[in-house]
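Under my numbering, the first residue of the sequence shown is numbered 1399, with each subsequent residue one higher.
Glycine residues also receive a C-beta, built at the ideal position from the N, C-alpha and C atoms.
Step one of this worksheet: look at the structure below.
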Amino acid sequence: MRILVLVDGSKWSQKAALHAFSVARRKGAKVVLFSVLDRKEVRAIAFHLSLRSENLEEIKRFEETAWEEMKKSVKDVITNLLELGREEGINCSFRIVEGSARERILEEANSGKYDLVVMGAYGKSGKTRIGSLLEDVVGFIEPPVIIVR
């Protein structure tokens, strides 16, 4: 059995990973931690930061800074989860890809490699309503999906 865990750096995705580790321990499954770095998200952040500074020429610098910070943040979260999983005896690995979050998640989840997909109910914003990415992908994922709250 192979379990795909969608990791965006939020506490919700970390809870999803812990749940996946619990399932993997009981089933002897392999866990793959999967994260998508989306340039569009970074461009939006950079644009809003540059508006606050009133210097639109700074957009590119803000974008590169935000991109590097996003990569580091996701890598740190995944590294911590990998260590925790391995300490618990879980066979786990990771993949970090670039592109449209929706497209890359659906491509990976529906690749035929996974028996289960686990994701957090909310994203990085932590808003009280179900995350918009979840709404965009959950109905199109072919394997069973567990949504962790």
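| Item | Value |
| --- | --- |
| Where DSSP assigns a beta bridge to residue 1432, which residues make up the other side? | 1404 and 1493 |
| Looking at the structure shown, is residue 1544 part of a helix, part of a strand, or coil, going by DSSP? | strand |
| Taking the alpha carbon of residue 1462 as the reference point, which residue from 1478, 1436, 1475 and 1535 has its own alpha carbon closest? | 1436 |
| Have a look at residue 1508 and residue 1540 and give me their C-alpha separation to the nearest angstrom. | 6 Å |
| Would the segment 1475 to 1483 count as touching the segment 1404 to 1418 if we require 3 or more Cβ pairs under 8 Å? | yes |
| Three-state secondary structure (DSSP) at residue 1399? | coil |
| Rounded to whole angstroms, what is the Cα-Cα separation between residue 1525 and residue 1426? | Annotation note: pLDDT 46 at residue 1525 (below 50); position unreliable, no value reported. |
| Quick one: what does DSSP say residue 1518 is sitting in, helix, strand or coil? | strand |
| On the criterion of 16 or more Cβ atoms from any shown chain inside 10 Å, does residue 1399 qualify as buried, or is it exposed? | exposed |
| Just to confirm my understanding: we take residue 1490, look at its own chain, exclude 5 residues before and 5 after, and list those with CB closer than 8 Å. What are they? | 1419, 1422, 1428, 1429, 1430, 1431, 1479, 1480, 1483 and 1484 |
| With DSSP as the reference, label residue 1478 as helix, strand or coil. | helix |
| Measure how close the beta-carbons of residue 1433 and residue 1517 come, nearest whole angstrom, since I'm counting them as under 8 Å. | With a Cβ gap of about 11 Å, residue 1433 and residue 1517 do not count as contacting. |
| Determine the closest residue to residue 1546 out of 1537, 1532 and 1538, with distance taken between C-alpha atoms. | 1532 |
| So, under 8 Å CB-CB, residue 1503 and residue 1535 are touching, yes? Tell me the CB distance rounded to an integer number of Å. | 5 Å |
| Short of 8 Å in beta carbon distance, which residues of its chain neighbour residue 1417, apart from the five on each side in sequence? Order them along the chain. | 1516, 1544 and 1546 |
| Which stretch, first to last residue, makes up the alpha helix (DSSP H) that contains residue 1556? | Because the chain in this structure spans residues 1399 to 1547, residue 1556 falls outside the shown range and cannot be described. |
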